[in-house]
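Structure, as structure tokens:
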Amino acid sequence: MRQEEVHLLLLLLSSSPIRAAEPGLTHSHSVYFSSLSDALMDYHHLLLLWTYSFLPDLQLCFNFDTKNFKIFAGSKEAQFGYTVQQHEAGGQQWLLVGAPFESTGKKQTGDVYRCPLDSKNSANCSRLNLGRLTLNNVSERKDKMRLGMTLTSNPKDSSFVTCGPLWSHECGSSLYSTGICSRVGRNFKLSNTIAPALQRCETFMDIVIVLDGSNSIYPWYEVQDFLINILHKFYIGPGQTQVGVIQYGSSVVHEFTLDEYQTVEDVVDAARRIDQRGGEETRTALGINVARSEAFQRGGRPGAQKVMIVITDGESHDSPHLVQAVTDSERDNITMYAIAVLGYYNRRGINPEAFLKEIKFIASDPDEMHFFNVTDESALKDIVDALGERIFSLEGTSSQGRGFGLQMAQAGFSSHLVKDGVLLGAVGAYDWNGAVLKESKHGKVVPPKSSYQDEFPEELKNHAAYLGYSVGSLISSRGSQLYVAGAPRFNHTGKVIIFTLKNSGDLTIWHALLGEQIGSYFGSELLSMDIDSDGQTDVLLVAAPMYYSHGWERGKVYIYSVTPQTSFVLQGVLEVSDHSQNSRLGSALAQVPDMNGDGFKELVVGAPLEDDHQGTVYVFHGKDKTIQLQYRQRLPAAGFSAGLQYFGQSLHGVLDINADGLVDLAVGALGAAVIVWSRGVVQIQAKLTFEPEKVNIFNKDCQRGGKEVTCMSVIVCLSLDFRTKTRTKTRKDVAVWYSLLLDERRFPPRAVLDESDRQQPRSLFLQTGSQICKRLGFSVQETTDYGRPIVVVLETGLQNPDEGPVLDPDWQSTQRTEIHFWNGCEQEDTCVPDLILHSHTDLMSAQQFCRSNRWAASSICSHQGAPERQPFVVESERRRMVVFARLENQGENAYGAAIHISTSSNLIFSSLLVKDQSDIQIECSSEDRLATQRICNISAPFMKSLSQVTFNVEFEFSRYIFLDYVHVVMVTTSEGDEGYPDDNTNDIFLPLKYQTELLFTRDPYPPRFVIRADSSSSSSWDQSDSSSHTFNLSYYIQNLGLFSVQGVLFGADIWAVTMRGNQLLNITDVSIEQAAGSHCTLPHVRMSSPVTPEDLTHLSQLNHSNSANMEVRCQLNLPPSREVKVTLTGSLQLAALLAVKFRSLELLTAASIQLEASSPIFLQEDRPVRQIILDLRKEEDHSIPIWIIVGSSLGGLLLLALLVLALWKLGFFNRRRRKEEEEQPVANGKTAQEL
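Numbered according to mature numbering (1 follows the signal peptide of the UniProt record, and there is no 0), the sequence shown spans residues -20 to -1, 1 to 1215.
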């Protein structure tokens, strides 16, 4: 039976005022666990005060008056203020305040207070003492029943309904919290009790005990003790078990009837006083008949289960009548228990077989459940427990093992008035999945559990959906009534169902709305609104007050629009995102009538945890068929009283309490209820009239400050319009102010008020339906800016924003009007200018380009076509193009003149410069610098008649977009009616040829080779700087221009094939560096042919005149400012070189570049050629005979000997010796003489 959950809920109910969100505790709008630091709240309050100090008219926000209110105080411990309802009864207005923790005597029953609203004095609230309500014939427990937790006022009959969802009653050993509600009449007295979940207990029994009091029963006190013991096993009380006792022997005596005693104690006392009547006979059939026909009629209850217990110790003396007596009892649905006392038989040794057979006949089937036998009277005490268990095994037989039905329904947890009764939420029904019950004038309506199976499947029953946490209704477009109910714990995210409920109990679910966040309590508050009052519901509001966002439990309210097809579409959500704190927005929802005069109802939403649990109420306005997402007023608790807590936990607003024609708001808080007065909403209608209507700067009709100026006047007319239906007696003069500002945001202004009218702001009193006008003079100064109108700003407001009506925030309190200058044209509204535009560019045509000697050799000059088809040339060093233009106005003044420039994508707008020191300025604008369109406005107020301006428009050539043309379109426009529009457009389309500057060079170090042949006729060769027989021929092409050059044709002719067909070298490869997309073709490979000896000694070079060539062709793409290298790789043909006779031979390679004639690019030099010469030399070896070598050696030696002999003969060697001796000075330190 989930007794532990029952215990938990009851424990929560007795907790402190900080309450948890469980059905055993409270409704959705009383779930408070969060807090916010004082420092952060102080910061927010200071910020708001600082902001409002600059906005005096907005300090009040809107028309719930935070300066005028009334607070009813009550007990915080009693939860006074938990619910509030404005109520009208007996010709007076009252505020009903629920206090579900209030005590009645020693029991915490809860109660409702009524507080008078008609008295302006501080009147106390009086208690209605509804906690005394009771149900007859029920063993009720009213302690902690929480009466007043729901309050619903019915204006039709001045009654209201209040509920105590934890009202409980005893059923046997169980305590069931089925809930109870009470309807209270206009006299504040209980009129009837509503308990749709209340069901008869399984112990609802009428038990008649038939005692055999004949002489054979002995001892009697044993029977009497048994009777007392078994009575203690019975659950005796209203709505449960009743017991009556008859005693029989020869005759029958009623000891006491069924309804004579209502408690166990009283019945036991009566049993103690029963004496044995005696009797010679045991007339059991008579006893049974009297019990059936009389005892069950004396105090018996319709619907109670009838149980008869027959106790006897012997066979009946009227056994012939026993069969009929038992048959009649079975017909009357009486369950028979029979107890055979065998003491008499055992004491006398008599066989009890016939007696036992008779007693078993009396007992209902099966015998093992309804038949007992004991050995004697003293053994009766041994069957007390077994008998009690068998009788009360009937208790709960319909639900044992299958959980709860309505036993823990807590009906009245929420309530809502419908057309034919009251709808009640029962969150504890069906194992806390919940249910919705209805009490109508025809009786209670309880849908079966199977009605909810589709939306609340059995596998989720342990989640405790709490269906019925909130209930409501709506009217579809067809006029039918639908019911809504919230289940905030369904699958942990919450669900709302929309359904119909017939009085037969047939419940059909049509739609279901699902929550999106675990623990958000989606569906804990519901409200349907007919915003435009057309009799059909426009939106369904579903609150999720525990929605967690950005680290705080802020809450959220979902807005579902109700379509004509009665489907529900999420339209938006209400959130308060500008407060970093816990809020619980949506803990209470209430609609109020139109507050701002637009004809649409408004919504108030409670956020009781804001401002550190002080609480706040938000006001949202209705518009068309929805709710505006931005709140229009915030009512913090601190604005009313610093001691308020949980302000906004309940809301209601239906009565005009202060008799001003506007509904006032009731707000519940912890231990308090607050009435917030509302204020009327007004609009200040303003109208400005100028005399004359336009400024004529040519008419200087007065002087100000010694200067001739244009004088004018403005007439300010103000009137007051009440947007809300305020009662006539409350209307009086309203003090307003206004201020006038001329030429807004201009300094110095062109228009100035006269000195006598400069006092700002100015005050006056207005009445509804009347208009007051004031004339103010001003003057317009001489100015050159008379193209732009003078902006006049009129601001209005209320003198005292704290009293009286409040300004409609949707109505503009600032009005802007423009005074235009006279245009100086024949027609006041329109001028007829005649704009003429001339333009040309600085690009040269091909013919002009070729006239220059510098470019006469360019390729474009050799291919000129007809003059009219000649392109224009973009020189290699050019980066910009200039359009020279002149704009004239040959007509009337041109206001709003502008030049619209559009170009081809290869041009980028650079600048527009006005020439000739003109006073006309032209300003060009565009959000994108690379855009191909520009609007250039003529900055003067207008372009005067017969004026002109010369200007240059400069464009840059795009580096990334290459086109073979430029296109510039310039169109001039104005606000007037152009006289001759044909000359307003210049369309410049120029085909282009781009001069490119390509630097074409070759490798400055051509290859040289020396070829030798050894004596053994095996040839060898080498290169001066390499031992390889390969070579490279390199050419360099550098693009010095701005644009990429595509399709450059590179050709190289290698003259290396002799007249007899000897090919002296091969070209094996061509490589291209830094040129993506380029490609080449190699020379055709000749078939191998025998080498033919050939004498080339008479030739110094192979060229086109004496040899055949090999061709290399390439197509190159040259990126701008990049160099491309083309390398031809080849190898010498040694066999052919040895076969050909020569001493020195040059092989000519000629390379050239050119562009196709159709290319938009041309070269400065027409087909430039660069040559590389490959130099070959051959050295032959000659053999010398041995005899020549020997002879030459001997001859040389002989000639040397003859030469030495001749020198000796001439004394060459002697003279040298003598000279050495003469020059020797001293030997060993002595002269020659000394020696």
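For glycine and all other residues, C-beta sits at the position ideal for the given N, C-alpha and C.
- Contact between the region 747 to 756 and the region 685 to 700 is established, with three or more Cβ pairs separated by less than 8 Å.
- Residues of the same chain with a CB within less than 8 Å of the CB of residue 528, apart from the 5 flanking positions on each side, are 497, 499, 500, 534 in chain order.
- Spatial neighbours of residue 886 in its own chain (CB-CB distance under 7 Å, excluding positions within 5 residues in sequence) are listed in chain order as 937, 938, 941, 942, 943, 946.
- If you look at residue 149, you'll find it in the beta strand (DSSP E) that goes 148 to 151.
- Residue 1145: not part of any alpha helix (DSSP H); DSSP gives it neither H nor E.
- Assigned with DSSP and collapsed to three states, residue 1087 falls in coil, not helix or strand.
- Rounded to the nearest whole angstrom, the C-alpha separation of residue 774 and residue 526 is 47 Å.
- If you ignore the 5 residues before and after residue 971, its C-beta comes within less than 6 Å of the C-beta of 851, 945, all in its own chain and listed in chain order.
- Rounded to whole angstroms, residue 700 and residue 571 show a C-alpha spacing of 28 Å.
- For residue 987 and residue 911, the gap between their C-alpha atoms comes out near 55 Å.
- If you keep only unbroken alpha helix (DSSP H) runs of at least 4 residues inside the region 531 to 609, you get 590 to 593.
- Residue 169 sits in coil when the DSSP states are folded into three classes, being neither helix nor strand.
- The three-state reading of DSSP puts residue 97 in coil, since its state is none of H, G, I, E or B.
- Check the Cα spacing between residue 400 and each of 134, 670, 1084: the tightest is with 134.
- Comparing C-alpha distances from residue 1132 to each of 1179, 1031, 1170 shows the shortest one belongs to 1031.
- Within the model, the alpha-carbon separation for residue 1084 versus residue 1149 is close to 14 Å.
- Listed in chain order, the non-local C-beta contacts of residue 69 below 6 Å within the same chain comprise 138, 166, local neighbours out to five positions each way being set aside.
- Comparing alpha-carbon positions, the option among 611, 585, 1095 lying closest to residue 632 turns out to be 585.
- Annotation for residue 1167: the continuous alpha helix (DSSP H) segment containing it runs 1166 to 1189.
- In this structure residue 810 does not touch residue 793 by the C-beta definition: roughly 35 Å separates them, more than the 8 Å allowed.
- Counted as a single uninterrupted DSSP element, the beta strand (DSSP E) harbouring residue 292 occupies residues 285 to 292.
- Bounds of any alpha helix (DSSP H) do not take in residue 720; it lies within the beta strand (DSSP E) bounded by 714 to 722.
- Fewer than three pairs of CB atoms, one per stretch, sit closer than 8 Å, so the region 922 to 932 makes no contact with the region 780 to 788.
- DSSP, reduced to helix, strand and coil, places residue 415 within a strand of the structure shown.
- Of the candidates 103, 104, 106, 122, the residue whose Cα lies closest to the Cα of residue 112 is 122.
- Per DSSP, reduced to three states, the secondary structure at residue 324 is helical.
- Contact between residue 1104 and residue 1017 is confirmed by a C-beta separation of about 5 Å, below the 8 Å threshold.
- Under the DSSP assignment, residue 424 falls in the beta strand (DSSP E) whose first and last residues are 423 to 425.
- Nearest Cα to residue 546 within the set 1187, 519, 530, 553: 519.
- Non-local beta-carbon contacts of residue 644 in its own chain, meaning distances under 7 Å to residues more than five positions away in sequence, involve 633, 635, 636, 637, 638, 655, 656, 657, 658 in chain order.
- When the five nearest sequence neighbours on each side are left out, the beta carbons in the same chain lying within less than 6 Å of the beta carbon of residue 457 are those of 516, 544, in order along the chain.
- Closest in alpha carbon position to residue 150, among 75, 1043, 216, is 216.
- Only residues of its own chain outside the window of five on either side were considered, and among them 84, 91 have a CB closer than 8 Å to the CB of residue 109, listed in chain order.
- Put simply, of 203, 188, 213, 248 the residue whose alpha carbon is nearest the alpha carbon of residue 234 is 188.
- Assigned with DSSP and collapsed to three states, residue 726 falls in coil, not helix or strand.
- For residue 247 against residue 232, the beta-carbon gap comes to about 20 Å, at or over 8 Å, which does not count as contact.
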